[in-house]
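2 protein chains.
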Amino acid sequence: MATPNKLRIIPLGGLGEVGKNMTAIEYGRNVLIIDAGVMFPEHDMLGVDLVIPDYTTYLKDKKDWVRGIVVTHGHEDHIGGLPYLLAEIQAPIYATRLTAGLIELKLSKHQMASQASLNIVAAGDRKSLGGLFDVEFFHVCHSIPDAVGLAIRTPSGLIVHTGDFKFDYTPAWGEPPDFGALARLGHEGVLVLMSDSTNADNPGFTPSEKTVDEGLNKVFREAKGRVILATFGSLISRVQQIIHAAARHNRVVAIDGRSLEESVQRAQDLGYLDVPPGVLVELPALKGRPDHQIAIIATGSQGEPSAALGRMAVGRHKQITIKPGDTVVMSSRVIPGNEQVVGRAINNLFKRGARVIYDRGSNVHVSGHASQEELKLLLNLVKPKYFIPVHGELRHLHSHAELARQQGIPAENIFVLENGAVMEFDEKGARFIERIPGGYVFVDGSGVGDIGPQVLRDREILSQDGFVLAVVRLNGKSGEVVGRPQIITRGFVYVKENMDLIERAEEQVINALRRNGTDPQTAIRKSLSDLLYSETQRQPMIMPVVIDN
Amino acid sequence: MATPNKLRIIPLGGLGEVGKNMTAIEYGRNVLIIDAGVMFPEHDMLGVDLVIPDYTTYLKDKKDWVRGIVVTHGHEDHIGGLPYLLAEIQAPIYATRLTAGLIELKLSKHQMASQASLNIVAAGDRKSLGGLFDVEFFHVCHSIPDAVGLAIRTPSGLIVHTGDFKFDYTPAWGEPPDFGALARLGHEGVLVLMSDSTNADNPGFTPSEKTVDEGLNKVFREAKGRVILATFGSLISRVQQIIHAAARHNRVVAIDGRSLEESVQRAQDLGYLDVPPGVLVELPALKGRPDHQIAIIATGSQGEPSAALGRMAVGRHKQITIKPGDTVVMSSRVIPGNEQVVGRAINNLFKRGARVIYDRGSNVHVSGHASQEELKLLLNLVKPKYFIPVHGELRHLHSHAELARQQGIPAENIFVLENGAVMEFDEKGARFIERIPGGYVFVDGSGVGDIGPQVLRDREILSQDGFVLAVVRLNGKSGEVVGRPQIITRGFVYVKENMDLIERAEEQVINALRRNGTDPQTAIRKSLSDLLYSETQRQPMIMPVVIDN
Numbered sequence: 004m005a006t007p008n009k010l011r012i013i014p015l016g017g018l019g020e021v022g023k024n025m026t027a028i029e030y031g032r033n034v035l036i037i038d039a040g041v042m043f044p045e046h047d048m049l050g051v052d053l054v055i056p057d058y059t060t061y062l063k064d065k066k067d068w069v070r071g072i073v074v075t076h077g078h079e080d081h082i083g084g085l086p087y088l089l090a091e092i093q094a095p096i097y098a099t100r101l102t103a104g105l106i107e108l109k110l111s112k113h114q115m116a117s118q119a120s121l122n123i124v125a126a127g128d129r130k131s132l133g134g135l136f137d138v139e140f141f142h143v144c145h146s147i148p149d150a151v152g153l154a155i156r157t158p159s160g161l162i163v164h165t166g167d168f169k170f171d172y173t174p175a176w177g178e179p180p181d182f183g184a185l186a187r188l189g190h191e192g193v194l195v196l197m198s199d200s201t202n203a204d205n206p207g208f209t210p211s212e213k214t215v216d217e218g219l220n221k222v223f224r225e226a227k228g229r230v231i232l233a234t235f236g237s238l239i240s241r242v243q244q245i246i247h248a249a250a251r252h253n254r255v256v257a258i259d260g261r262s263l264e265e266s267v268q269r270a271q272d273l274g275y276l277d278v279p280p281g282v283l284v285e286l287p288a289l290k291g292r293p294d295h296q297i298a299i300i301a302t303g304s305q306g307e308p309s310a311a312l313g314r315m316a317v318g319r320h321k322q323i324t325i326k327p328g329d330t331v332v333m334s335s336r337v338i339p340g341n342e343q344v345v346g347r348a349i350n351n352l353f354k355r356g357a358r359v360i361y362d363r364g365s366n367v368h369v370s371g372h373a374s375q376e377e378l379k380l381l382l383n384l385v386k387p388k389y390f391i392p393v394h395g396e397l398r399h400l401h402s403h404a405e406l407a408r409q410q411g412i413p414a415e416n417i418f419v420l421e422n423g424a425v426m427e428f429d430e431k432g433a434r435f436i437e438r439i440p441g442g443y444v445f446v447d448g449s450g451v452g453d454i455g456p457q458v459l460r461d462r463e464i465l466s467q468d469g470f471v472l473a474v475v476r477l478n479g480k481s482g483e484v485v486g487r488p489q490i491i492t493r494g495f496v497y498v499k500e501n502m503d504l505i506e507r508a509e510e511q512v513i514n515a516l517r518r519n520g521t522d523p524q525t526a527i528r529k530s531l532s533d534l535l536y537s538e539t540q541r542q543p544m545i546m547p548v549v550i551d552n
Numbered sequence: 004m005a006t007p008n009k010l011r012i013i014p015l016g017g018l019g020e021v022g023k024n025m026t027a028i029e030y031g032r033n034v035l036i037i038d039a040g041v042m043f044p045e046h047d048m049l050g051v052d053l054v055i056p057d058y059t060t061y062l063k064d065k066k067d068w069v070r071g072i073v074v075t076h077g078h079e080d081h082i083g084g085l086p087y088l089l090a091e092i093q094a095p096i097y098a099t100r101l102t103a104g105l106i107e108l109k110l111s112k113h114q115m116a117s118q119a120s121l122n123i124v125a126a127g128d129r130k131s132l133g134g135l136f137d138v139e140f141f142h143v144c145h146s147i148p149d150a151v152g153l154a155i156r157t158p159s160g161l162i163v164h165t166g167d168f169k170f171d172y173t174p175a176w177g178e179p180p181d182f183g184a185l186a187r188l189g190h191e192g193v194l195v196l197m198s199d200s201t202n203a204d205n206p207g208f209t210p211s212e213k214t215v216d217e218g219l220n221k222v223f224r225e226a227k228g229r230v231i232l233a234t235f236g237s238l239i240s241r242v243q244q245i246i247h248a249a250a251r252h253n254r255v256v257a258i259d260g261r262s263l264e265e266s267v268q269r270a271q272d273l274g275y276l277d278v279p280p281g282v283l284v285e286l287p288a289l290k291g292r293p294d295h296q297i298a299i300i301a302t303g304s305q306g307e308p309s310a311a312l313g314r315m316a317v318g319r320h321k322q323i324t325i326k327p328g329d330t331v332v333m334s335s336r337v338i339p340g341n342e343q344v345v346g347r348a349i350n351n352l353f354k355r356g357a358r359v360i361y362d363r364g365s366n367v368h369v370s371g372h373a374s375q376e377e378l379k380l381l382l383n384l385v386k387p388k389y390f391i392p393v394h395g396e397l398r399h400l401h402s403h404a405e406l407a408r409q410q411g412i413p414a415e416n417i418f419v420l421e422n423g424a425v426m427e428f429d430e431k432g433a434r435f436i437e438r439i440p441g442g443y444v445f446v447d448g449s450g451v452g453d454i455g456p457q458v459l460r461d462r463e464i465l466s467q468d469g470f471v472l473a474v475v476r477l478n479g480k481s482g483e484v485v486g487r488p489q490i491i492t493r494g495f496v497y498v499k500e501n502m503d504l505i506e507r508a509e510e511q512v513i514n515a516l517r518r519n520g521t522d523p524q525t526a527i528r529k530s531l532s533d534l535l536y537s538e539t540q541r542q543p544m545i546m547p548v549v550i551d552n
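Chains A and B, in that order, are what the protein sequence lines are.
End of the first sequence = 552 in the numbering used here, gap-free, step of one.
End of the second sequence = 552 in the numbering used here, gap-free, step of one.
And the structure:
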């Protein structure tokens, strides 16, 4: 339903995090979309590969109203959903040069690069989208170059959306934040501020990227052998720092891992990586070179067993064998939930003789998101009438809301929302209208949204106790069991050592069918689950297969 | 095999953590066991309830040699394996009074309390075990009262084992650590020190339990409504602090959660909890009492959905409905791997209007394990000849080993071991002998060790993509398919929306059997997995059920 002459803001995507992957701005029959990212599934989303925002439900009757998709920066959780979104709607994309390059890379993997309308903008530009939204892009600092915030002028007033940001006075690449632009916007009068809450429960300032330079220098200075650094492919700023530090210490750098290679190549092609001549080499070119002249940037910072570092940790990497003298540096944060696998990889690297640098004290990683003092500074510069904390879980949004109250924004002008919450703004004020489905959709293999709660529940049961199949043949006329039932299990018990239990299960099925021939499925299910629970305290999925003979 | 006149030390149990749950000390035909704990499974140990040390393999031909089981303190990861161990061997247990009380509670749940020989000791006691091992118990501080370290005199020399400890000058219960005893042992001459490495990568000192008093006081002072505190049942010292803080602020305390109630009751019965009269009440007695006079200690600090706090978070708790004004305090550490579920519970509590206090800055939890400066002090007091860091993952042991080197212990006298590593000590020195199976055993339901890698691998496949069952009847003589194959799936796709795929799968099976009638199982498996992968990019477990008609 269109809303004439009223501004609406709807955070749409993020797994627990509000408005992280997607936000919609509406005015009448005009929709502006900010970002289209993916999230990685949580532990209990069994077998799910990716999670994307449920834009389908939202856009159902609004597909023709989308005036543009504005992307704040080139990280997966902001661009990864574009191939799925563009499969459903046609709308021009607006992004800065590096962001556009990474989007193009992503779309080309889905064979979609040619059909997208990708418009390159620069910080400072203003673009009119559909004649209604006027979007100004302003420079912010984050852990990837070319990140922008958005100043969106609408008929109802000015929205400022920070994107992901921190106030870094000495960034690894490019200029410090554009405080001037923020102050100017504040002076112009901001109706709504939407600001990054990722670190809103973190006191103080987030350290500058420059502090990582010092950490890396120390590592390179002390390392006697090879230095292997694990980081995200998308942390282009970190890759830059590593290349500089390695070059300073007369080491060449090889990139190990396809996703890293691709984004490094793209960033370099577009001029966003400063690589001294001869420093970047191919992995095979390391052969014969002395260890103290070698640095390797590898994928696998989250402990993924199939990534480069994961294979090194268990001795399954074809080119690189970890040995005493190697230094391994974990130069990225551990995504919550990955602590166990990352810890295991670190232990395995130690076991193979490497020195592993992974803790906070070593300054080999800093966050790309603003902490409390920076968030307060932003609120003071922008001076919004209304405040919507975004990009964070509810607990972070509540912390951020508390900061805003401390800065003098009236509590009734602060809105802690959930995904799908529709906020409306007009001359009378601001109000929560309704909550539309603003959840997420699972991508599993090539299927988008074809698995739901029932399939996940089945996977959960199967993952806990496996299944037991009872194949029974019944005489079509007499209803009597023909032959012996066949009991087949997977993921339940080790069968060879439990033949006795399996035999008793067969007996149980025969007896149950003798007592209750009218509903053999239920009889088998009930009798087997009773027996197996009492014998093993387990509850496998029981599948009766009844065949009429 | 017995080893006459030689001392052997074998760390035996712990999931990634070395010697955490169990350690064996051997001399000839004499075995002393230190602790018998359980661990909680990691994420990829699907359906596993508990993990216990693989003592069975170690004790196979040594069951009659065990002179005693010495338990350092009453936490699950040190006592939880006793019921399983005592099912295999008969040996007297030695523990302090509170530890013994908690062991008794544990054994009685397994109907084993009467058959165990439980001997109560006190810090300062010396006991001769089997005439060979002379064990002195010395007082240490940890997050549970009555924790001890061990000084074990053997014919080859003195072993000092710290158990879990920190150097707390102002503990929540009892005396500061017995520095005098440690110095005396150091003076006597220590052959081997085995010391807690849990926090060996943490610089500085671990804060005293007293700092939590301040944090809790602040919470109680500021809270307008009810205060609900989540902690472990076994953190008896924390329960004590909460009761004191609540009483100071004129609140009664109710315990919510069976495991908590039981251990609190036991600690109180034994005189290890100081409860002012009238402060502890039953949950139903809270009815009608004003909110600002109420405190509740609840289970569920790890986000467990079925524990008290988990049920409150999703609105499924029968007696307690979270409402604005409530303050929830997470007063325990988050076990690595539980961050996601704990975060989700916190978000849900915020959503229901509670203020949730969960971060480091609020001083509502401190670790019970020594940090680097404490570990250095211990090394200086005990001055061991040989050093074996224990109770930690490999990365912590390596940090601890580095500290020991800095304190002047020669690198060749420091042994970073893995579970099952056999170290031998005699007049000639110390040496690594061999590695025996020192892994772990899974407990699933009532089954101990009856699931192994194959069952877990099947559960993994099932958890990712479910299964597809193809039931086919073949004519016994002609080998032709009778009727139509039946395709049944669970955890694979949402069937109602994929009828077309299921029908194609049926066709595929018929065609495959026409082409290859000699090995119908393989034909079905191969053809179905090809079709399903190309259509969905998923790899469910495929189960052909072929019935001869």
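Note that the Cβ used here is the ideal one computed from N, Cα and C, for glycine as well.
Are residue i and residue j touching if we call contact CB-CB under 8 angstroms?
i: V369 (chain A); j: I360 (chain A); result: no
i: Q305 (chain B); j: I258 (chain B); result: no
i: E212 (chain A); j: P179 (chain A); result: no
i: L10 (chain A); j: T157 (chain A); result: yes
i: G340 (chain A); j: E45 (chain A); result: yes
i: D149 (chain B); j: I231 (chain B); result: no
i: V151 (chain A); j: T75 (chain A); result: yes
i: G448 (chain A); j: R224 (chain B); result: no
Please go through the same chain and pick out, in chain order, the residues whose beta-carbon is closer than 6 angstroms to the beta-carbon of residue i, but skip the five residues on each side of it.
i: V444 (chain B); result: I55, D57, G452
i: Y389 (chain B); result: V195, N416, A433
i: R507 (chain B); result: none
i: S131 (chain A); result: D137
Note down, in chain order, every chain B residue with its Cβ under 9 angstroms from the Cβ of residue i.
i: Q296 (chain A); result: Neighbours of Q296 (chain A) on chain B: none; closest Cβ ~26 angstroms, over 9 angstroms.
Interface residues of chain B around residue i at Cβ under 8 angstroms?
i: E500 (chain A); result: D453
i: Q457 (chain A); result: Y497
i: F470 (chain A); result: L465, F470, R493
Since residue i contacts residue j with CB under 8 angstroms, what's their CB separation in whole angstroms?
i: R1 (chain A); j: I349 (chain B); result: In the structure as shown, chain A begins at 4 and stops at 552. Residue 1 (chain A) is therefore absent and cannot be evaluated.
i: G207 (chain A); j: Q322 (chain A); result: The Cβ separation is near 42 angstroms, so there is no contact.
i: F562 (chain B); j: L35 (chain B); result: Here chain B comprises residues numbered 4 to 552, so residue 562 (chain B) is not present and cannot be evaluated.
i: H320 (chain A); j: A311 (chain A); result: 7 angstroms
i: G469 (chain B); j: D461 (chain A); result: 6 angstroms
Residues of chain A with CB closer than 9 angstroms to the CB of residue i, please, in chain order.
i: S466 (chain B); result: L49, G50, R462, E463, L465, S466, Q467, G494
Which chain A residues are close to residue i, counting only those with a beta carbon under 8 angstroms from its beta carbon?
i: P56 (chain B); result: Chain A residues near P56 (chain B): none, gap ~18 angstroms exceeds 8 angstroms.
Leaving aside the five residues before and after residue i along the sequence, list all residues of the same chain whose C-beta is less than 8 angstroms from its C-beta, in chain order.
i: M115 (chain A); result: P86, L89, A90
Along chain A, in chain order, which residues have C-beta atoms closer than 7 angstroms to that of residue i?
i: K354 (chain B); result: L397
Find the residues of chain B that neighbour residue i, judging by a C-beta separation of less than 7 angstroms, and give them in chain order.
i: N350 (chain A); result: G19, E396, L397, R398
Quiz item: What are the uninterrupted segments assigned as beta strand (DSSP E) that are 3 or more residues long and contained completely in the segment 310-393 of chain B, given in chain order?
Solution: 330-333, 358-360, 389-393
Self-check item: Whole beta strand (DSSP E) elements within the segment 130-195 of chain B, 3-residue minimum
Solution: 136-142, 151-157, 160-164
Quiz item: Taking only runs of the alpha helix (DSSP H) that begin and end inside the segment 225-252 of chain A, which ones reach a length of at least 4 residues, in chain order?
Solution: 239-251
Exercise. Please specify which runs of the alpha helix (DSSP H), each continuous and at least 4 residues long, are wholly inside the segment 424-506 of chain A, giving them in chain order.
Key: 456-468
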